[in-house]
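One structure is given here, and the rest of the page talks about it.
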Amino acid sequence: MGEENYDLSVAVLLGLLRYGTGLPMNRLERLQLAFGIPMPVSTQWELLLKAAGLLTPAHAELTRQAAQGEVLYNDDTIMRILEKAPLERKATYTTSILSRSVDHRIALFITGHHHAGENLQAVLKHRAEGLSAPIQMCDGLAANTVGEAGDLNTILAHCLAHAHRRFVEVEGKFPVEVEHLLGQLKVVYRNDARAKREGMDPQVRLAFHQQGSGPVMAGLETWLRDQIEGAKVEPNSGLGQAIAYMRKHWKELTLFLHEPGAPLDNNLCEASLKRAIMHRKNSLFYRSATGARVGDTFMSLIHSTELNGVEPFEYLLELLKHAKEVDREPARWMPWNYPAAAASG
Numbered sequence: 001m002g003e004e005n006y007d008l009s010v011a012v013l014l015g016l017l018r019y020g021t022g023l024p025m026n027r028l029e030r031l032q033l034a035f036g037i038p039m040p041v042s043t044q045w046e047l048l049l050k051a052a053g054l055l056t057p058a059h060a061e062l063t064r065q066a067a068q069g070e071v072l073y074n075d076d077t078i079m080r081i082l083e084k085a086p087l088e089r090k091a092t093y094t095t096s097i098l099s100r101s102v103d104h105r106i107a108l109f110i111t112g113h114h115h116a117g118e119n120l121q122a123v124l125k126h127r128a129e130g131l132s133a134p135i136q137m138c139d140g141l142a143a144n145t146v147g148e149a150g151d152l153n154t155i156l157a158h159c160l161a162h163a164h165r166r167f168v169e170v171e172g173k174f175p176v177e178v179e180h181l182l183g184q185l186k187v188v189y190r191n192d193a194r195a196k197r198e199g200m201d202p203q204v205r206l207a208f209h210q211q212g213s214g215p216v217m218a219g220l221e222t223w224l225r226d227q228i229e230g231a232k233v234e235p236n237s238g239l240g241q242a243i244a245y246m247r248k249h250w251k252e253l254t255l256f257l258h259e260p261g262a263p264l265d266n267n268l269c270e271a272s273l274k275r276a277i278m279h280r281k282n283s284l285f286y287r288s289a290t291g292a293r294v295g296d297t298f299m300s301l302i303h304s305t306e307l308n309g310v311e312p313f314e315y316l317l318e319l320l321k322h323a324k325e326v327d328r329e330p331a332r333w334m335p336w337n338y339p340a341a342a343a344s345g
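With the UniProt record's numbering as the guide, the letters of the sequence shown map in order to residues 1 to 345.
Shown next as structure tokens:
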């Protein structure tokens, strides 16, 4: 690979260091020089760019399969791209979309001028006709739930942890009220932990939550209403605003009581997004849209393999070794099924 015929494993290792651990190329250049094995930034970039091109069919298939998920989590974070784009919108973001199906999980990273809702809408264009609307988990920010063509065709769930944090932020001034709310949510999370521990299927989990968490949430809804309508809390105070947020999004915050498989929070996606945040903290920006595309390709494949308990180095190396086969039949080369394809190839 490359003008100096580097082994394929070099590009894989560069991708893991750069986009899996956040190591900047300038830092790696200095490290290689200290080892007496020079590898300039320009050489690193050439290898990564070529590898990303070979990985594109697998990444495209990963996107297609993510669109078929039963639950789709989405969120985004700020990410700079230095290259000026011919768009009126100047802000740039990295969106994380986590897709959950019965037997696998997929993480997608999308960097550019579109926000999380627009990027999710673009992914959902690949959803097969006839499939029911997926559950979408996100926080209550409109940018997560609205695409360029309006509302997304999803069953919307909002993040209980996000609502929870709003109360924690005002705990110092309202300790009694916040302690009560946190105690009620603790019961719900304890029930969900038990459902996971016992391996309940979605229907059994739903019935379990309806019986064990339903009365708790009903009581909490009454308590929230009484705080405002009973004039016990000033609506414009920090606590009043936290209560208003929770009441406004109550239907979405309690979807787990009505839809099988609906999660309680967006913590999985927020944890996934930390990979992009780590990259930003170490490298500050992408130089161009091409650089962002390369980063998104590697991050998506690396994190998806990790979510499925697969070793990313071996997976990426197999994709590069069998690039022609992957291009012909990318569905056979996903993180959860590629060993069979590699063995037959």
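C-beta atoms are modelled at their ideal positions from N, C-alpha and C, and glycine is treated no differently.
Mark residue 348 as exposed unless 16 or more other C-beta atoms lie within 10 angstroms of its C-beta, in which case mark it buried.
What the structure shows of the chain is the stretch from 1 to 345, and residue 348 is not part of that stretch, so it cannot be assessed.
Straight-line Cα distance separating residue 40 from residue 155
49 Å
CA-to-CA distance, residue 60 to residue 293, given in whole angstroms:
12 Å
Taking Cβ to Cβ, would you say residue 106 is nearer than 8 Å to residue 120?
no
Got a sec, what are the start and stop residues for the alpha helix (DSSP H) residue 222 sits in?
214-229
Using beta-carbon positions only, say whether residue 138 and residue 265 come within less than 8 Å of one another.
no
Determine the direct distance from the alpha carbon of residue 279 to that of residue 19, and round the result to whole angstroms.
7 Å
Quick check: the Cα distance between residue 208 and residue 185, rounded to an integer number of angstroms?
16 Å
Between residue 221 and the ligand ZN, is there a pair consisting of the residue's CB and a ligand heavy atom that are separated by less than 7 Å?
The ligand content of the structure shown is nil, which means the ligand ZN is not present either.
Tell whether a beta-carbon distance below 8 Å holds between residue 346 and residue 10.
There is no way to answer for residue 346, as the model of the chain reaches only from 1 to 345.
Contact set for residue 238: own chain, Cβ-Cβ below 6 Å, skip 5 residues either direction:
170
Quick check: the region 247-266 against the region 60-73, are at least 3 beta-carbon pairs closer than 8 Å?
yes
Simplified DSSP state of residue 178, which is helix, strand or coil:
helix
Could you check whether the region 164-181 touches the region 220-236, counting it as contact only if at least three pairs of C-beta atoms, one from each stretch, sit closer than 8 Å?
yes
Please name the residue or residues paired with residue 99 in a DSSP beta bridge.
72 and 106
Residue 236: buried (16+ other C-beta within 10 angstroms of its C-beta) or exposed?
exposed
Measuring alpha carbon to alpha carbon, tell me which residue in 51, 49, 94 and 102 is nearest residue 69.
102
Using beta-carbon positions only, say whether residue 338 and residue 315 come within less than 8 Å of one another.
yes
In three-state terms, what does DSSP make of residue 80?
strand
Of the listed residues 176, 261 and 299, nearest to residue 95 (C-alpha basis)
299
Taking residue 157 as part of the beta strand (DSSP E), name the residues at either end of that continuous run.
155-158
So residue 295 and residue 56 are supposed to be a Cβ contact under 8 Å. How far apart are they, rounded?
No, residue 295 and residue 56 are not in contact; Cβ-Cβ is about 13 Å, not under 8 Å.
Could you check which residue in 307, 332 and 309 has the C-alpha nearest to that of residue 319?
332
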